[in-house]
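What follows is a single structure, written as structure tokens, with notes after it.
In the UniProt record's numbering, the protein residues as written are 1 to 107.
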């Protein structure tokens, strides 16, 4: 199944943990993720991780917390928090049915 073929009934509920690159949008701009043979519209809490390259002599690629929030039937919903490489909150956003209500950035 391709992302464009997703139907609104293919909802994935519960708390989902994904790498940032696994988050996709279908032709209706609904956020989804794919399993082996199915695409799922996200509905519920989600934690996103991003790849980060450690510095120094023993550099390695690790995953770090990128953002936490929720989707309602594939649309951003509620409070979203974004984190820097040290795990500090750098931005908060409030969403209602896929529309940004406000954004606050921290130093």
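Virtual Cβ for every residue (Gly too), placed ideally from N, Cα, C.
| request: Could you pull out every residue in the same chain whose Cβ sits closer than 6 Å to the Cβ of residue 9, ignoring the five residues on either side in sequence? | output: Position 9 of the chain shown holds residue 9. Annotation note: pLDDT 46 at residue 9 (below 50); position unreliable, no value reported.
| query | Is it buried or exposed for residue 74, if we count other Cβ within 10 angstroms and need 16 for buried? | reply | Here residue 74 refers to the residue found at position 74 when the chain shown is read from its first residue. Flag for residue 74 reads buried.
| task | Would you be able to state if there are at least three C-beta pairs under 8 Å between the region 27–42 and the region 66–82? | result | yes
| field | Beta-carbon gap between residue 34 and residue 51 smaller than 8 Å | value | Residue numbering aside, residue 34 sits at position 34 when the chain shown is read from its first letter. Residue numbering aside, residue 51 sits at position 51 when the chain shown is read from its first letter. The answer is no: Cβ separation not under 8 Å.
| query | In terms of residues, what are the limits of the beta strand (DSSP E) holding residue 88? | reply | Numbered from 1 along the chain shown, position 88 holds the residue referred to as residue 88. Per DSSP, residue 88 belongs to no beta strand (DSSP E) and is neither H nor E.
| Exposed or buried, residue 111, counting other C-beta atoms within 10 Å across all chains shown (16 or more means buried)? | In the structure as shown, the chain starts at 1 and stops at 107, and residue 111 therefore has no counterpart that could be examined.
| message | Relative to the C-alpha of residue 85, which candidate in 65, 28, 102 has its C-alpha closest? | response | By 1-based counting over the chain shown, the position of residue 85 is 85. Nearest C-alpha to residue 85: 65.
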